[in-house]
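The numbering of the sequence shown is our numbering, which starts it at 709 and goes up by one.
For every residue, glycine included, the Cβ atom is placed at its ideal position computed from N, Cα and C.
The block underneath contains the structure these notes are about, expressed in structure tokens.
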Amino acid sequence: MSKQIQIAIDGPAGAGKSTIAKIVAENLGFTYIDTGAMYRAVTYKAINENIELNNAEALESMLLKTVIDLKPSKSGQLVFLDGKDVTNLIRSNEVTANVSQVSAHPNIREILVKKQQELASNGGIVMDGRDIATHVLTEAELKIFMSASVEERAKRRFIDNEKRGIPSNMDTLIQEISLRDKLDSEREASPLVQAEDAIYLDTTELSIEQAADAILKLANEKME
């Protein structure tokens, strides 16, 4: 029987982490955990409850009374917030524009990181986010830092938004992604950086299948 390893995938917004991580998990029979969806769920609830996103104490108080569940389905991971399916709702432009501000709070990260570590404790996991290899799963057997050019990432987000029926503009997306890169890499709490032992994967010129195949090859090598 192959070893049930932990696979940590980090990288900036729009690098294709979630899509590729899902394929890798499915091929290996592993559980996929989209940590970004957890931060989006917190952001979505805070916006709906008119909580100031720069008020760390109010956000923490809200989060401690919040239940976030990630459930697999044939169409991918479903996100439930206090029992309600919010999978598509957390992908709105408003949530996307504000999630970096919420995820920058150390107390929010601490609570969610603990939950993420519990989910991954038995291995057989593919987890993606911004600080998985550097902070959440520091002992993961395989660490990947995935990126692509800002223009390519904006193009992917534009296509994804079209599929979801979310109106968007390419120039605006390029600006938003550039700003999010800056916010994610400069925040004090677990900034976006490549772990020293992570393998860099540039997906600019790769198809989804090619990127997934590259990670599957590395994963199978680790498990043999």
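### Query
Helix, strand or coil: how does DSSP classify phenylalanine 738 here?
DSSP places phenylalanine 738 in coil when its eight states are reduced to three.
### Whole alpha helix (DSSP H) elements within the stretch 815-897, 4-residue minimum
Considered as a whole, the stretch 815-897 harbours 858-872 and 878-894 as its complete alpha helix (DSSP H) runs of no fewer than 4 residues, in chain order.
### Message
Tell me the rounded alpha-carbon separation between methionine 878 and aspartate 921.
### Response
Computed Cα separation, rounded: 29 Å.
### Message
Across the stretch 848-866 and the stretch 766-778, are there enough close Cβ pairs to call them in contact, namely three or more that are closer than 8 Å?
### Response
Fewer than three pairs of CB atoms, one per stretch, sit closer than 8 Å, so the stretch 848-866 makes no contact with the stretch 766-778.
### Task
Would you check if there are 3 or more beta carbon pairs closer than 8 Å linking the stretch 744-754 to the stretch 880-899?
Result no; under three Cβ-Cβ pairs closer than 8 Å.
### Exposure of threonine 743, with buried meaning 16 or more beta-carbon neighbours within 10 Å
Counting of Cβ neighbours within 10 angstroms places threonine 743 among the buried residues, the total reaching 16 or more.
### Local Cβ density within 10 Å of leucine 772, reported as buried at 16 or more and exposed below that
So leucine 772 counts as exposed.
### Message
I believe alanine 897 touches arginine 817 by the beta-carbon criterion, under 8 Å. Please report the beta-carbon distance rounded to the nearest angstrom.
### Response
The distance from the Cβ of alanine 897 to that of arginine 817 is about 5 Å, consistent with a contact at the 8 Å cut-off.
### Query
Where does valine 775 sit, in a helix, a strand or coil, going by DSSP?
Coil, per DSSP.
### Message
I need the straight-line Cα distance from glutamate 789 to isoleucine 776, nearest angstrom please.
### Response
Sequence inspection shows leucine at residue 789; the glutamate mentioned does not correspond to that position. Roughly 5 Å separates the two Cα atoms.
### Message
Give me the DSSP bridge partner(s) of leucine 789.
### Response
Note: leucine 789 sits in a beta bridge opposite Ile776 and Lys792.
### Query
To the nearest angstrom, how far is it from the Cα of alanine 754 to the Cα of glutamate 894?
One C-alpha to the other measures close to 23 Å.
### Query
According to DSSP, is methionine 709 helix, strand or coil?
Residue placement at methionine 709 is flagged as unreliable, the pLDDT there being 46, under the threshold of 50; the coordinate-derived value follows with that caveat. Here methionine 709 carries a coil assignment [DSSP, helix/strand/coil].
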